[in-house]
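Colleague:
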Amino acid sequence: MGYGEVYSAWQRDPEGFWMEQAQAIDWARPPKTALSARDATYEWFADGMVNTCWNAVDRHVEAGRGDQIAIQHESPITHATKGITYRELQKRVASLAGALRMRGIEKGDRVIIYMPMIPEALVAMLACARLGAIHSVVFGGFAANELAVRIDDCTPKAILAASCGLEPNRVVHYKPLLDAAIEQAAHKPEFCVIYQREQEVAKLIEGRDFNWHGFQYGVKPADCVPVEGTHPAYILYTSGTTGQPKGVVRPTAGHMVALQWTMKNIYNIGPGDRFWAASDVGWVVGHSYICYGPLLAGATTVVYEGKPVGTPHPGVFWRVIQNNRIKSFFTAPTALRAIKREDPDGIWVKRYAQHDLQAIFLAGERADPDTIAWAEKHFGVPVIDHWWQTETGWAIAGNPLGIELLPQKAGSACVPMPGYDVQILGEDRHPVKQGELGAIAIRLPLPPGCLPTLWNADDRFRKSYLTTFPGYYETGDAGLVDEDGYLYIMARTDDVINVAGHRLSTGQMEEVLASHPDVAECAVIGAADDLKGQSPVGFLCLSKGVERDEADIVRECVALVRDRIGPVAAFKKAVVVERLPKTRSGKILRATMVKIADGQPFKMPATIDDPDILDEIRAALETIGYARQTHRV
Numbered sequence: 001m002g003y004g005e006v007y008s009a010w011q012r013d014p015e016g017f018w019m020e021q022a023q024a025i026d027w028a029r030p031p032k033t034a035l036s037a038r039d040a041t042y043e044w045f046a047d048g049m050v051n052t053c054w055n056a057v058d059r060h061v062e063a064g065r066g067d068q069i070a071i072q073h074e075s076p077i078t079h080a081t082k083g084i085t086y087r088e089l090q091k092r093v094a095s096l097a098g099a100l101r102m103r104g105i106e107k108g109d110r111v112i113i114y115m116p117m118i119p120e121a122l123v124a125m126l127a128c129a130r131l132g133a134i135h136s137v138v139f140g141g142f143a144a145n146e147l148a149v150r151i152d153d154c155t156p157k158a159i160l161a162a163s164c165g166l167e168p169n170r171v172v173h174y175k176p177l178l179d180a181a182i183e184q185a186a187h188k189p190e191f192c193v194i195y196q197r198e199q200e201v202a203k204l205i206e207g208r209d210f211n212w213h214g215f216q217y218g219v220k221p222a223d224c225v226p227v228e229g230t231h232p233a234y235i236l237y238t239s240g241t242t243g244q245p246k247g248v249v250r251p252t253a254g255h256m257v258a259l260q261w262t263m264k265n266i267y268n269i270g271p272g273d274r275f276w277a278a279s280d281v282g283w284v285v286g287h288s289y290i291c292y293g294p295l296l297a298g299a300t301t302v303v304y305e306g307k308p309v310g311t312p313h314p315g316v317f318w319r320v321i322q323n324n325r326i327k328s329f330f331t332a333p334t335a336l337r338a339i340k341r342e343d344p345d346g347i348w349v350k351r352y353a354q355h356d357l358q359a360i361f362l363a364g365e366r367a368d369p370d371t372i373a374w375a376e377k378h379f380g381v382p383v384i385d386h387w388w389q390t391e392t393g394w395a396i397a398g399n400p401l402g403i404e405l406l407p408q409k410a411g412s413a414c415v416p417m418p419g420y421d422v423q424i425l426g427e428d429r430h431p432v433k434q435g436e437l438g439a440i441a442i443r444l445p446l447p448p449g450c451l452p453t454l455w456n457a458d459d460r461f462r463k464s465y466l467t468t469f470p471g472y473y474e475t476g477d478a479g480l481v482d483e484d485g486y487l488y489i490m491a492r493t494d495d496v497i498n499v500a501g502h503r504l505s506t507g508q509m510e511e512v513l514a515s516h517p518d519v520a521e522c523a524v525i526g527a528a529d530d531l532k533g534q535s536p537v538g539f540l541c542l543s544k545g546v547e548r549d550e551a552d553i554v555r556e557c558v559a560l561v562r563d564r565i566g567p568v569a570a571f572k573k574a575v576v577v578e579r580l581p582k583t584r585s586g587k588i589l590r591a592t593m594v595k596i597a598d599g600q601p602f603k604m605p606a607t608i609d610d611p612d613i614l615d616e617i618r619a620a621l622e623t624i625g626y627a628r629q630t631h632r633v
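Under UniProt numbering, the residues of the sequence shown are numbered 1 to 633, in order.
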């Protein structure tokens with residue numbers, strides 16, 4: 001069947017469609033019911049019993065494919081390249097799970113994982129899944145206070161971490177950040193397990209910290225523990241507009257059924273194929289398509305510790321693809337833009353053979369047509385933009401390569417996947433006309449694998465996603481659908497900005513800036529960035545009487561954001577202004593400030609308190625390289 005037939009089959013019988021897909025995974029007790037309702041939300045496969053680790057690891061060994069490479073580690077920073085077979089992975093995971101069980105970790109306990117891009121990160125995730133423990137991976141190197149917030153929210157019994165992470169020219173010291181986070185947090189984990197890397201051996205705290213290998217010495221390997229289909233597989237935190245992280249809950253059975261379907265139908269990957277998602281396990285892509293998706297499919301997955309450029313050159317991605325005979329490659333548009341900037345003529349591309357590569361997939365932000373055209377020119381394969389969110393865990397819209405490759409349209413994320421009834425709604429909550437811009441919403445119920453709620457925050461879940469458009473999930477994105485049903489994602493509808501594929505809250509950054517003793521008021525916007533999509537720009541209004549050098553204050557504020565949120569925020573530019581543009585009611589006109597920063601025409605807001613202030617904002621932005629061509633209309 002083609003895409004149209006598959007999508008229609010889902011529309012005719014949604015529950016029957018997903019029950020059929022559920023047959024592709026192994027069940028301890030198969031579900032009899034596909035969909036059930038719970039307090040205005042929905043659950044999939046609630047009466048089934050299943051284990052993720054069994055499906056991702058053990059069943060492939062049982063099927064006689066234990067000698068196949070499951071995880072291929074590639075680190076151009078350490079010059080390491082090593083494969084781990086499914087049989088070896090099974091042994092490592094069962095050993096760690098046994099050690100965790102011996103220390104009291106059971107089904108339902110939370111475990112935070114704070115690790116770099118090394119195979120042990122996946123081993124840690126799978127060991128938790130083996131026991132039915134709920135893991136929460138926090139991006140390695142995240143600032144101590146951000147880690148502390150997550151510790152207090154999910155109250156882990158244990159934390160699995162590494163001694164350090166590696167950047168091209170420096171060592172990132174994880175252990176001091178972990179110690180500071182535990183000190184700041186109200187909740188204290190019972191113990192920590194530290195994987196000591198050669199580049200740094202961290203000091204362990206007696207009675208609390210254990211060495212990774214010593215912790216597992218002499219323990220009995222653990223078997224897989226079946227859990228209910230609705231049991232949380234993990235909690236993954238994503239930025240909220242208030243700055244308070246939202247703990248997205250991923251249900252076990254729906255997660256597996258959805259990912260298993262996507263590997264074949266979207267990415268055209270099956271047992272024995274080689275798949276690489278160039279992301280990090282701290283993000284949703286890392287969960288879905290570095291760890292669980294490829295392993296559920298019985299494929300080989302690549303764990304890559306490096307950058308698209310500078311480790312050591314802009315051809316390193318293509319070298320990894322060549323050496324590992326990658327069939328489908330998944331990255332962010334930011335990565336391709338960085339490579340394109342360093343290698344505009346594709347000289348490095350030509351140095352490596354890509355005979356097995358069938359397609360490049362992009363997600364994390366809107367892929368600009370120029371970058372797609374550059375990649376298609378030099379690789380000669382489809383470059384497919386697809387759109388999804390941390391909350392959904394897999395693609396809302398895309399081009400289903402494993403079903404049929406649909407005609408590409410530059411700037412579009414292509415068409416909705418089965419399970420997603422995507423609508424473009426206006427402020428009146430009704431669908432807009434074809435081609436008109438509106439809020440993108442998905443008619444409930446969401447398909448398997450999507451979040452059923454937020455961790456310990458059911459009310460916040462409903463308020464955040466279900467109240468604006470009753471009967472729909474609010475994506476927070478704005479866009480349109482054309483005459484062929486192709487979806488275009490145009491902008492965010494809130495103040496979450498997208499920096500190199502990472503959703504970050506400007507409100508959270510503002511809270512940090514406001515904590516500086518010399519800052520009386522501030523605002524942060526996302527300005528267009530050719531490489532990263534958006535970059536945060538801060539506006540600082542100083543307290544009266546401050547006579548310090550403004551440049552020193554700006555440097556301190558930049559360092560403050562880096563310390564409290566982390567380098568991922570990419571907060572590098574701020575400017576001191578006398579005042580901020582506001583409406584008469586006191587609302588800061590951030591959207592207008594963005595247009596000025598991006599050099600776009602803008603209309604004078606009807607409710608602005610003082611129009612002259614916009615000229616002051618433009619002049620301030622010019623001092624840091626923005627707003628060179630802006631004008632009013």
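Don't be surprised by glycine CBs; every beta carbon is placed ideally from N, CA and C.
Everything numeric in this text was worked out from a predicted model, so none of it was measured.
Alpha carbon to alpha carbon, how far is isoleucine 25 from histidine 502? Give it in angstroms, no decimals.
Modeller: If I take the Cα positions, the gap works out to 31 angstroms.
Colleague: Run through DSSP, which three-state label would glutamine 423 get?
Modeller: Three-state result, glutamine 423: strand.
Colleague: With the cut-off set at 9 angstroms, would you say isoleucine 339 and proline 369 are in Cβ contact?
Modeller: No; because the gap between Cβ atoms is not below 9 angstroms, this pair is not in contact.
Colleague: One question on the structure: do arginine 192 and arginine 130 come within less than 9 angstroms of each other, judged by their Cβ atoms?
Modeller: Residue identity check: residue 192 is cysteine in the sequence provided, not arginine. Cβ distance not < 9 angstroms, so cysteine 192 and arginine 130 don't count as in contact.
Colleague: Using beta-carbon positions only, say whether proline 226 and methionine 509 come within less than 9 angstroms of one another.
Modeller: No, they are not a contact pair.
Colleague: Quick one: what does DSSP say leucine 100 is sitting in, helix, strand or coil?
Modeller: Leucine 100 falls in the helix class under three-state DSSP.
Colleague: Restricting to Cα atoms, I'd like to know which of Leu487, Cys450, Pro452, Tyr420 is closest to arginine 443.
Modeller: Arginine 443 has its Cα closest to that of Tyr420, out of Leu487, Cys450, Pro452, Tyr420.
Colleague: Kindly give me the distance between the Cβ atoms of serine 535 and alanine 520, rounded to whole angstroms, as I take these residues to be in contact under 8 angstroms.
Modeller: Actually they are not in contact, since the Cβ atoms of serine 535 and alanine 520 sit about 24 angstroms apart, beyond 8 angstroms.
Colleague: Going by DSSP in three states, phenylalanine 469 sits in which element: helix, strand or coil?
Modeller: Coil, per DSSP.
Colleague: Would you list, in sequence order, the uninterrupted alpha helix (DSSP H) runs of no fewer than 4 residues that lie entirely inside the stretch 243-308?
Modeller: Complete alpha helix (DSSP H) runs here, min 4: 252-265, 293-296.
Colleague: Would you list the residues sitting across from asparagine 211 in a DSSP beta bridge?
Modeller: Answer is Ile194, bridged to asparagine 211.
Colleague: Assuming phenylalanine 379 and glutamine 354 make a contact with CB atoms under 8 angstroms, what is their CB distance in whole Å?
Modeller: Between glutamine 354 and phenylalanine 379 the Cβ distance is about 6 angstroms, and since that is below 8 angstroms, they are a contact.
Colleague: Leaving out five residues on either side along the sequence, give the residues of the same chain with a beta carbon under 6 angstroms from the beta carbon of tyrosine 267.
Modeller: Ser328, listed in sequence order.
Colleague: Grab me the residues of cysteine 291's own chain with a C-beta within less than 6 angstroms of its C-beta, minus the 5 sequence neighbours each way, in chain order.
Modeller: Leu122, Met125, listed in sequence order.
Colleague: Does the beta-carbon distance from alanine 161 to lysine 175 come in below 9 angstroms?
Modeller: Result yes, Cβ atoms of alanine 161 and lysine 175 sit closer than 9 angstroms.
Colleague: Closest to glycine 214 by C-alpha separation, out of Gly98, Gly346, Glu427, would be which residue?
Modeller: Here the closest residue by C-alpha is Gly98.
Colleague: Using DSSP bridges, identify the partner residues of phenylalanine 330.
Modeller: Paired residues: Ala277, Phe361.
Colleague: Are there 16 or more other CB atoms within 10 angstroms of the CB of asparagine 169, so buried, or fewer, so exposed?
Modeller: So asparagine 169 ends up on the exposed side.
Colleague: Specify whether the stretch 445-457 and the stretch 247-257 touch according to this definition: at least 3 beta carbon pairs, one from each stretch, less than 8 angstroms apart.
Modeller: Touching, yes, given that three or more Cβ pairs across the two stretches are closer than 8 angstroms.
Colleague: Regarding alanine 94 and the ligand HEM, is the C-beta to nearest heavy atom distance less than 8 angstroms?
Modeller: The ligand HEM is not part of the structure shown, which contains no ligands of any sort.
Colleague: What does glycine 218 pair with, by DSSP beta-bridge criteria?
Modeller: According to DSSP, glycine 218 bridges with nothing at all.
Colleague: If you count every other CB in all the chains shown that lies within 10 Å of the CB of aspartate 67, and 16 or more means buried, which is it?
Modeller: Classification of aspartate 67: exposed, given that the 10 Å Cβ count is below 16.
Colleague: Can the beta-carbon of isoleucine 113 be found closer than 9 angstroms to that of isoleucine 159?
Modeller: Yes, Cβ-Cβ distance for isoleucine 113 and isoleucine 159 is below 9 angstroms.
Colleague: Going along the chain, which residues of its own chain have a beta-carbon closer than 6 angstroms to the beta-carbon of arginine 87, five neighbours each way excluded?
Modeller: Closer than 6 angstroms at the Cβ level, and outside the excluded window around arginine 87, lie Val61, Gly66.
Colleague: Considering only the alpha carbon of each residue, which of Val172, Arg103, Arg59 lies closest to methionine 115?
Modeller: Selected option, being the one with the closest Cα: Val172.
Colleague: Excluding the 5 residues preceding and the 5 following proline 156 in the sequence, name in chain order all residues of the same chain whose CB lies nearer than 6 angstroms to its CB.
Modeller: Taken in chain order, the residues that qualify are Arg110, Val111, Ile112, Pro189.
Colleague: Measuring only the C-alpha atoms, how far is arginine 375 from histidine 73?
Modeller: Looking at the sequence provided, one finds alanine at residue 375 rather than arginine. So the alpha carbons of these two residues sit roughly 25 angstroms apart.
Colleague: Please classify glutamine 216 as buried or exposed, where buried requires at least 16 other C-beta atoms within 10 Å of its C-beta.
Modeller: Result: buried.
Colleague: Could you check which residue in Asp153, Gly104, Gly533 has the C-alpha nearest to that of tyrosine 237?
Modeller: Of Asp153, Gly104, Gly533, the residue nearest in Cα terms is Asp153.
Colleague: I'd like to know whether the C-beta atoms of proline 294 and tyrosine 7 end up nearer to each other than 9 angstroms.
Modeller: Going by C-beta atoms, proline 294 is not nearer than 9 angstroms to tyrosine 7.
Colleague: Name the residue from His386, Leu177, Tyr472, Trp212 whose alpha carbon lies nearest to the alpha carbon of valine 93.
Modeller: If we check each option's Cα against that of valine 93, Trp212 comes out closest.
Colleague: Could you check the C-alpha separation between asparagine 498 and aspartate 458 for me, to the nearest Å?
Modeller: The straight-line gap from Cα to Cα measures roughly 26 angstroms.
Colleague: Pull up the distance between the alpha-carbon of glycine 272 and that of leucine 296, whole angstroms please.
Modeller: Cα-Cα distance, rounded: 11 angstroms.
Colleague: Consult DSSP for glycine 346 and reduce its assignment to one of helix, strand or coil.
Modeller: Reduced to three states, the DSSP call for glycine 346 is coil.
Colleague: Exposed or buried, glycine 625, counting other C-beta atoms within 10 Å across all chains shown (16 or more means buried)?
Modeller: Counting Cβ neighbours within 10 Å, glycine 625 comes out exposed, since fewer than 16 surround it.
Colleague: Distance cutoff 9 angstroms, beta carbons only. Does threonine 85 sit that close to anything in chain C?
Modeller: Included in the structure is just one protein chain, with no chain C present.
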